[in-house]
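Numbering (our numbering), first residue to last: -5 to 446.
For glycine and all other residues, C-beta sits at the position ideal for the given N, C-alpha and C.
I have placed the structure first, in the form of structure tokens, so that the comments after it can refer back to it.
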């Protein structure tokens, strides 16, 4: 099997959709010798912050001299980045080799009358097999969705379980309350294995504490309130950590201090990594697509915020870094996300909005998103004016209600390139462009900027 054949097989398997539950992945891994139980795994669940927290852990462990495998999804810039060893993505040759081994195991399952595993189960099995064959010292294993019934959760004895910020997302699968969602995430907590989390909202914290107690798992909580931010710019954040002293991170955005403190607690309290190695590793950590600057004059930022909590965190960063500066937005969303809440969090800071249709079967059409954005903008501006009169459409209104600043222009774009061109034309050299709403189209935005 070569790379093209392996990718074609993956595409064919992906057409079957996804199923929550562990039976199929357990059968698949049994066919592969249950090698996942021989790996030292740090299991990471949560709604937001999994990627950044994993990036901190990855870099510090590498600097400590370990060979570190990392499995995280979805891929943003390259399909092979889902599987990484010491920051290097899986090669095409390795992908074909590992996929062929997993395909043979899937074929044996089907011959025995079992269902063919889903694409996420196949890719998870590939991760276990790849990291085992490459003799990784540690594996950072990121949950796909939820936790309790996620395919990654067949592991019995992780080094530790990590739960990042928990908020509302994937409600159609995980539940309609924060408690239900937190219970799903807490499902990765294993008997007598330590668990590390942040100080969550009360309902989420109670669910995590209850599961930790049930599993006799020691619970560590990273309390960001004990941290003092010294300086915060678009290039770095420097803060005083009670256990480490001064810590500097290149990952910016107001939420990154929390992710960093979570990683520090894992590294220091559970793994016993030396302070100097932790400080150096955090300073050297990079993680593309999270409040990442990809252009200057105007400043061009991309961010993967795609649910309400992430949008609220992103809006806090916008308010902090760009006070009273109207932002030019490029927005693309998936239809099954809470896009209205994302828009409501972000649009108060808008100077112009260009909507796009991400290249994803679940994408919302740019025209539909623009219509919703226009309605929210009109409502927000009317509320600011404090007047009941009807507000005209954004395209035709040179002035907002009550003599306020003009209503933001809202336009649906036929392509990513058109959106980038219009955003650049609209925005002054000292202005700001921010693309967000889904990780699925950030690669294309970056490629367009690099080609110009």
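Taken through DSSP and simplified to helix, strand or coil, residue 348 comes out as strand. Closest by C-alpha distance to residue 183, out of 76, 150 and 401, is 150. Apart from sequence neighbours up to five positions away, the residues of its chain that approach residue 130 with a beta-carbon distance below 6 Å are 61 and 63, ordered along the chain. Following the DSSP letters along the chain, one finds residue 161 in no beta strand (DSSP E), marked with neither H nor E. In this structure, the straight-line span from the alpha carbon of residue 295 to that of residue 43 is close to 18 Å. When the alpha-carbon of residue 266 is set against those of 68, 127, 78 and 153, the nearest one is in 153. Inclusion of residue 83 and residue 75 in the CB contact set at 8 Å is warranted, their separation being smaller than that value. DSSP places residue 153 outside both helix and strand once states are collapsed to three, so it counts as coil. Following the DSSP letters along the chain, one finds residue 257 inside the alpha helix (DSSP H) bounded by residues 250 to 259.
Residue 42 is bridged by DSSP to 159. Residue pairing of residue 136 in beta bridges, as defined by DSSP: 38.
The Cβ-Cβ distance between residue 197 and residue 176 falls below 8 Å. In the DSSP annotation of this structure, the continuous segment of the beta strand (DSSP E) that includes residue 239 starts and ends at 239 to 243. Residue 144 is classed as buried because its beta carbon has at least 16 other beta carbons within 10 Å across all chains shown.
Contact check for residue 321 and residue 312: beta-carbon distance about 6 Å, within the 8 Å limit, so the pair qualifies. The shortest C-alpha to C-alpha distance from residue 186 to any of 172, 199 and 212 is the one to 212. The shortest C-alpha to C-alpha distance from residue 439 to any of 289, 306 and 366 is the one to 289. Scanning its chain for C-beta atoms nearer than 6 Å, with the 5 sequence neighbours on each side dropped, one finds around residue 257 the residues 47, 50 and 51, in chain order. Under DSSP, residue 205 shares a beta bridge with no residue. Residue environment analysis places residue 297 among the buried positions, since at least 16 neighbouring C-beta atoms fall within 10 angstroms of its C-beta.
Taking C-beta atoms as the reference points, residue 158 and residue 237 fail to come closer than 8 Å. One thing to note: residue 241 has its Cβ within 8 Å of the Cβ of residue 273.
Going by DSSP, residue 29 is part of no alpha helix (DSSP H) at all; its letter is neither H nor E.
Shortest Cα-Cα distance from residue 192 to any of -4, 264 and 255 involves 255.
Buried is the label assigned to residue 100, since at least 16 other Cβ atoms lie within 10 Å of its Cβ.
Residue 445 sits in a helix when the DSSP states are folded into three classes.
Inter-segment contact for the region 9 to 18 and the region 104 to 124 is present: three or more beta-carbon pairs are separated by less than 8 Å. Judged by beta-carbon spacing, residue 119 lies beyond the 8 Å limit of residue 33, meaning their Cβ atoms are not closer than that value. When C-alpha distances from residue 231 are compared across 285, 259, 194 and 204, the shortest belongs to 285. Rounded to the nearest whole angstrom, the CA to CA distance from residue 217 to residue 400 is 42 Å. Between residue 305 and residue 335 the beta-carbon gap is near 7 Å, inside 8 Å, which marks them as a contact. Taking residue 96 as the centre and dropping the five residues before and after it, the same chain places the C-beta of 22, 26, 116, 119, 120 and 123 closer than 8 Å to its C-beta, in chain order. By the CB criterion at 8 Å, residue 344 and residue 323 fall inside the cutoff. Close CB contacts of residue 291 within its chain, under the 6 Å cut and outside five residues either way in sequence, are with 423 (chain order).
For secondary structure counted as the alpha helix (DSSP H) over 4 or more consecutive residues, the region 301 to 328 holds these complete runs in sequence order: 302 to 315. For residue 409 and residue 341, the gap between their C-alpha atoms comes out near 21 Å.
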